[in-house]
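Chains as they are written, first to last, in my numbering: chain A, 42 to 298; chain B, 42 to 298. The C-beta atom is built at its ideal place from N, Cα and C for all residues, glycine as well. As structure tokens, the structure follows; a few thoughts come after it.
Spelled out as structure tokens, the structure:
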């Protein structure tokens, strides 16, 4: 039996705890033993009260600890762990493995997904990016990861850094484009929902085509008349500047093809 | 019976013709009578050869003509239609209704989706944005649209202009973000597929949440340490500038909340 302690109660911890509770039902060799969290409020309702601790003094010996706290807190939180030589993995995309305090077996267990507490996530589809100091620790993490998800990757710290930046472009900046798009719709009282099938198809397309080949639209075609009409339409200077900059960037990329 | 002639053989024409051929099988009151296209190469294979014409002299009297040609060609192409007072709808998001030649009953039948010939599209999910000069023409277009798709909207020319710009943000610029993201992955030899579930979830999230509420990440949290690490990581000046500009734009929007 592998006893897992989790530290944290944020978005990632919330979904990870739910996935672990689900897992121990079907594969009881994996036991979610304790969740250490100062605030119980954001913890999933299905977590049995006796598994929640808010004081490190109540810590029970574990085989693995998953630390899902904010990036800045990883070092301070892991310094409090008194169980020597424990395997401890943080869940951050941006922090190096060595953010974990010394005296522990360090590892990373990074779920690459956008988590919000209000939206359920199918953990089976969440890519889990793993790193560990030894092959045997990596093997243990990998067997847990494969029990939780169908998508498991070995990703070293440098690759994870790249992935994290790439994820900002593919998620946060993409969502910001949706936001600007919604503002343009609201201004002319067009329901944003008209754009949802386009948004879905644009995301679906890159499963089959490289984004370079999936590109369409006036910038790609260098349709000067439409580009000018769009710039003229955009009254808001910031949106207009972004429009021109991104159009230019698309055209620079088209040239390279 | 409503006889429909289509002009064009590009991406939109291709998918529209396929949808119309499908429709006439189940609802024979709608007849795809002729497709006028100079190049037969891009036409769907299932189009019977006798329905394809490449000379306007072979035109048969129709009840409705759908013009799916490039924006710049709409006026010239519709000037060739000799059937007086025919109901003619173009399929462009950016052109006004009056781009259609005089002497015809003008309308717009704009399918708001990203079409590539190599990727099949479920036409039932394609939003169709309609405009016409008279209520009776609008009613005819609407009954066709509702037979083809579950998403039909009345959108006037000004709203369509906004939608078209909004679609550039939500599709072309989004796809460009995917492209930049893929380049960052390629540079560190991380497979881009690791990001696909994140891309899918980011798109799915805005079905349930407004993009303002769906935003996550270092810009949203104003996580200065991570923002700095990302900027330091980006060696390519253009990507770095875009990163800073989009981060700034997200933070300006967060302030407004």
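Whole angstroms is fine: what's the gap from residue i's alpha carbon to residue j's?
i: residue 204(B); j: residue 104(B); result: 28 Å
i: residue 185(B); j: residue 185(A); result: 53 Å
i: residue 243(B); j: residue 124(B); result: 48 Å
i: residue 210(A); j: residue 215(B); result: 9 Å
i: residue 258(A); j: residue 153(B); result: 12 Å
i: residue 265(A); j: residue 293(A); result: 15 Å
i: residue 155(A); j: residue 50(A); result: 16 Å
i: residue 260(B); j: residue 53(B); result: 38 Å
i: residue 267(A); j: residue 95(B); result: 28 Å
i: residue 240(B); j: residue 212(A); result: 6 Å
i: residue 231(B); j: residue 247(A); result: 16 Å
i: residue 56(B); j: residue 164(B); result: 8 Å
i: residue 179(B); j: residue 126(B); result: 15 Å
i: residue 64(A); j: residue 161(A); result: 16 Å
i: residue 249(A); j: residue 226(A); result: 29 Å
i: residue 110(A); j: residue 59(A); result: 16 Å
i: residue 181(B); j: residue 238(B); result: 41 Å
i: residue 196(B); j: residue 157(A); result: 34 Å
Spatial neighbours of residue i within its chain, please: C-beta separation below 7 Å, excluding the five flanking residues on both sides.
i: residue 136(B); result: 112 and 115
i: residue 139(A); result: 147
i: residue 275(A); result: 281 and 284
i: residue 223(B); result: 233
i: residue 44(A); result: 72, 74, 103 and 104
i: residue 183(B); result: 171 and 193
i: residue 272(B); result: 281, 284 and 285
i: residue 68(B); result: 188
Shortest alpha-carbon distance to residue i belongs to which of the options?
i: residue 174(B); options: 198(B), 194(B) and 220(B); result: 198(B)
i: residue 253(B); options: 248(A), 225(A), 217(A) and 246(A); result: 217(A)
i: residue 92(A); options: 109(A), 73(A) and 232(A); result: 73(A)
i: residue 171(B); options: 160(B), 77(B), 134(B) and 140(B); result: 134(B)
i: residue 269(B); options: 256(B), 288(B) and 279(B); result: 288(B)
i: residue 279(B); options: 282(A), 272(A), 290(A) and 62(A); result: 290(A)
i: residue 132(B); options: 201(B), 263(B) and 176(B); result: 201(B)
i: residue 255(B); options: 266(A), 271(A), 276(A) and 220(A); result: 220(A)
i: residue 108(A); options: 99(A), 155(A) and 142(A); result: 142(A)
i: residue 207(B); options: 190(A), 236(A), 206(A) and 195(A); result: 236(A)
i: residue 118(B); options: 246(B), 241(B), 97(B) and 126(B); result: 97(B)
i: residue 194(A); options: 150(A), 227(A), 230(A) and 78(A); result: 150(A)
i: residue 128(A); options: 177(A), 228(A) and 226(A); result: 177(A)
i: residue 66(A); options: 189(A), 180(A), 159(A) and 286(A); result: 189(A)
i: residue 145(B); options: 225(B), 79(B), 228(B) and 121(B); result: 121(B)
i: residue 298(A); options: 277(A), 273(A), 110(A) and 251(A); result: 251(A)
i: residue 262(B); options: 296(B), 245(B) and 249(B); result: 296(B)
i: residue 101(A); options: 69(A), 229(A), 59(A) and 46(A); result: 46(A)
i: residue 228(B); options: 181(B), 277(B), 106(B) and 245(B); result: 277(B)
By the criterion of Cβ-Cβ separation under 8 Å, what are the contact partners of residue i in chain B?
i: residue 238(A); result: 153, 154, 166, 167, 168 and 192
i: residue 209(A); result: 258, 259, 260, 271 and 284
i: residue 278(A); result: Result: empty, since nearest Cβ-Cβ is about 12 Å, beyond 8 Å.
Residue i touches chain B at which residues, Cβ-Cβ below 7 Å?
i: residue 89(A); result: Result: empty, since nearest Cβ-Cβ is about 29 Å, beyond 7 Å.
i: residue 252(A); result: 216, 219, 220 and 223
Whose C-beta lies closer than 8 Å to the C-beta of residue i among residues of the same chain, with five residues either side of it excluded?
i: residue 192(A); result: 166, 167, 168 and 169
i: residue 62(B); result: 73, 85, 87 and 88
i: residue 82(A); result: 50
i: residue 79(A); result: 50 and 95
i: residue 187(B); result: 193
What residues from chain A crowd round residue i, counting only those whose CB sits closer than 9 Å?
i: residue 266(B); result: 112, 113 and 135
i: residue 13(B); result: A question about residue 13(B) goes unanswered here, because the residues of chain B that appear run from 42 up to 298.
i: residue 291(B); result: 213, 214, 216, 217 and 220
List, in order along the chain, the chain B residues whose C-beta lies closer than 9 Å to that of residue i?
i: residue 295(A); result: Residues of chain B passing the Cβ test: none, with the nearest at roughly 10 Å.
i: residue 249(A); result: 159 and 160
i: residue 172(A); result: Ordered by position in chain B, no residue passes the 9 Å Cβ test against residue 172(A), which lies about 13 Å from the chain.
i: residue 275(A); result: 206
i: residue 255(A); result: 155, 157, 160, 216, 219 and 220
Residue i versus chain A: which residues are under 7 Å apart at the beta carbon?
i: residue 287(B); result: 214 and 217
i: residue 244(B); result: 240, 241 and 244
In chain order, what residues of the same chain have a beta carbon less than 6 Å from the beta carbon of residue i, not counting five sequence neighbours either side?
i: residue 77(A); result: 48 and 94
At a cut-off of 7 Å, would you count residue i as near the ligand ZN, judging by its Cβ distance to the nearest heavy atom?
i: residue 143(A); result: This structure lacks the ligand ZN; in fact it carries no ligand of any kind.
Determine whether the Cβ of residue i lies closer than 8 Å to any Cβ atom of chain E.
i: residue 164(A); result: Looking for chain E here will not work: the only protein chains present are A and B.
* **Within 8 Å of chain A by C-beta, residues of the segment 136 to 156 of chain B in sequence order** => 153, 154, 155 and 156
* **Contact set between the segment 103 to 137 of chain A and chain B, restricted to residues whose Cβ is under 8 Å from the partner** => 112, 113 and 135
* Asked: Between the segment 176 to 200 of chain B and chain A, which residues of the former have a C-beta closer than 8 Å to a C-beta of the latter?
  -> 192, 194, 196, 199 and 200
* According to a CB-to-CB cut-off of less than 8 Å, which residues of the segment 54 to 77 of chain B neighbour chain A? -> none
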